[in-house]
Amino acid sequence: MNDITTLTLTETIEAIKQKKFSEEELNKAYLKKIAIINPKINSFLKIQKNSRGIPAAIKDAILTKGIKTTAGSKILSNFVPPYNATVIDKLLEQNISVIGKTNCDEFAMGGSGENSAFRPTKNPWDLNKVTGGSSSGSAAAIAADLSVFSLGSDTGGSIRQPASLCGVVGLKPTYGRVSRYGLIPMASSLDQIGPITKSVEDAALVLDWISGADSLDANCKDAKFSFTPSRWEPKLNGLKVGIPKEYFGEGLDPKVKAVIEEAIKKLEELEAEIVEISLPHSQYALAAYYIIVPSEVSSNMGRFDGIRFGLGRENLGQEVKRRIMLGTFALSSGYYDDYYAKAAKVRTLVKQDFEKAFDPLAGGVDVIVGPVSPTTAWNLGEKIDDPLKMYLSDIYTISANLAGIPGISLPCGFSPSTSSGQARLPVGLQILGKQWDEETILRVGFAYEQATKWHLQEPELVSRVESQESRQKGNKTGF
Ligand code: GLN
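Count along the sequence shown from 1, then add 969; that gives the number in the working numbering.
Given below as structure tokens:
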């Protein structure tokens, strides 16, 4: 391996410290790769030609001062923010630079990346497949080594699900861990910003950088996450892993199920104690989410009136319009109690399911493990005309948002390629933790990653470019 774009964030920082290459060489290498691969996968909507700092790719729903920010919507196609989101200011303090803004479903509403008003992002593992969404470009860019790491946002799975479908690591922090100031809101009681990375350690480091109090976001707690990898051991030493039976029922693709079961065996080999648990209200979570989200969307979208900034509302896409209408209906007088108030009650029950499962006084578990997505990446266009089918792909991710708990997706294998020549596609393992306990899910993820090394696998599209590059250089340079 002698392509510097394959390095993780922690490796890149170390290599720069040891002067193995300069920041300028690093940026050049990434920009060169973006020029070759981005036209094939559409992960970036805008590219910044920097020569300094460590490159990060930022979801286009996060405001970047002086850099066009569209949230994947035509309505904002000319919007240049006058200020940075808090997470951007925090990254700048760490010598990170924005290499580009990444494609996403319009206003983060979607699960495939196809609701972007500009073009769909394509999966680097198979260009006929979706990347998952809504942080589609942020996940694809990391899978294709077009940035060292990226930021996404997760309201119902938009970090974990594309990370799973693209074979990279995605972390949704505890609600309130990271400031959302400057994140174009979708559903404010659920939205969280988090990292998409090439390794679990990288996710922990970025969380350390972006977490902590912010006077500009009243929902952000003074609870900074501190990254101390030395605390992480290769074995799990009796840690209790709960497997919710509701996450393995009908609807889960048997090929995905087999990969997840293999991953659970691995955790057992690493000396975790595996116990079956129940989250009985899981079956109602999706319905509650798709009442709460459109309700909050209908209120948040009120600001886009086309008067102060942006174009008129006739420029909104189908899915956004659908949610504004559904939400307005669910909140209207006479219906509020039947829909919104009921959904809010279900939300409490979902949260209580987790509290019971994790309760230390009742012999509760330390983490909960299961699939991220019921299937691997599906064909572009396959679900776009069937919103209910599309919503079903969120079934395992939304509960964590409703409950406000942290969750990580990490690569755990592949569903095999088929005889029809279809490429093998990545599967993600989801680890959910107690509120404010990112530490334990990261520790479990780290032990698993070290024991399996799935995160080192690369899509053929990318390794082909890398080997061409190194042939051209005569294998001389590298580092
Ligand atoms: N797919 C989910 C939805 O469409 C999640 C979106 C998100 O997390 N931003 O609502």
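Virtual Cβ for every residue (Gly too), placed ideally from N, Cα, C.
By the three-class DSSP mapping on this structure, what secondary structure does M970 have?
Below a pLDDT of 50, predicted positions are generally treated as unreliable, and M970, at 43, falls in that range; the measurement from the model is reported next regardless. M970: coil per DSSP, three-state reduction.
Excluding the five sequence neighbours on either side, which residues of its own chain have a C-beta within less than 6 Å of the C-beta of G1296, listed in chain order?
Taken in chain order, the residues that qualify are P1263, S1264, V1266 and S1267.
For T1197, which of helix, strand or coil comes out of DSSP?
Coil.
Could you pull the start and end residues of the alpha helix (DSSP H) that G1106 belongs to?
It spans S1105 to A1112 - the alpha helix (DSSP H) in which G1106 sits, taken as one unbroken run.
Less than 8 Å between the beta carbons of Q993 and S1020, yes or no?
At residue 993 the sequence reads Glu, which differs from the Gln that was named. Yes. Within cutoff.
Looking at the ligand GLN, does it come within less than 7 Å of M1294, judged from the CB to the closest heavy atom?
Flag unset: Cβ of M1294 not near the ligand GLN.
Span of the alpha helix (DSSP H) holding Q1161?
Here Q1161 belongs to no alpha helix (DSSP H); instead the beta strand (DSSP E) covers Q1161 to T1166.
In terms of residues, what are the limits of the beta strand (DSSP E) holding S1378?
Taken as a continuous stretch (DSSP letters only), the beta strand (DSSP E) holding S1378 covers G1376 to S1384.
For F1118, write down the residues that DSSP places opposite it in a beta bridge.
Partner(s): A1025.
DSSP puts F1076 in a beta bridge; with which residues?
Bridge partners of F1076: none, in fact.
Is the shortest distance between the beta-carbon of L978 and the beta-carbons of chain C less than 8 Å?
Absent from the structure: chain C. Only one protein chain is present.
Using a Cβ-Cβ cutoff of less than 7 Å, which residues in the same chain neighbour I1065 once the five nearest sequence positions on both sides are dropped?
Once the five neighbours on either side are set aside, the close Cβ partners of I1065 are G1022, I1023 and A1025.
Hey, how far is the Cα of T1446 from the Cα of K1167?
Summary for T1446: the model assigns pLDDT 46, below 50, so the residue's position carries little reliability, and this model does not support an answer.
In chain order, what are the residue ranges of uninterrupted alpha helix (DSSP H) at least 4 long that sit wholly in the segment 1417 to 1442?
Those alpha helix (DSSP H) runs which fall completely within the segment 1417 to 1442 and span 4+ residues are 1429 to 1441.
Hey, would you say the C-beta of A1040 is under 7 Å away from at least one heavy atom of the ligand GLN?
No, the ligand GLN has no heavy atom inside 7 Å of this Cβ.
Does the distance between the C-beta of M1177 and the nearest non-hydrogen atom of the ligand GLN fall short of 7 Å?
Note that residue 1177 is Asp in the sequence shown here, rather than Met. Not so, every heavy atom of the ligand GLN lies at least 7 Å from the Cβ.
As a quick exercise: from S1184, R1277, T1421 and N1007, pick the residue whose alpha carbon is nearest that of V1228.
For V1228, the nearest C-alpha among the options comes from T1421.
Distance, Cα to Cα, E1435 vs I1293?
Between E1435 and I1293, the C-alpha separation is close to 45 Å.
Let me know if V1049 comes out buried or exposed under the rule of 16 or more other beta-carbons within 10 Å of its beta-carbon.
When all chains shown are included, V1049 counts as exposed.
Between the C-alpha atoms of N1011 and G1106, what's the straight-line distance to the nearest angstrom?
Going by the C-alpha atoms only, they are around 7 Å apart.
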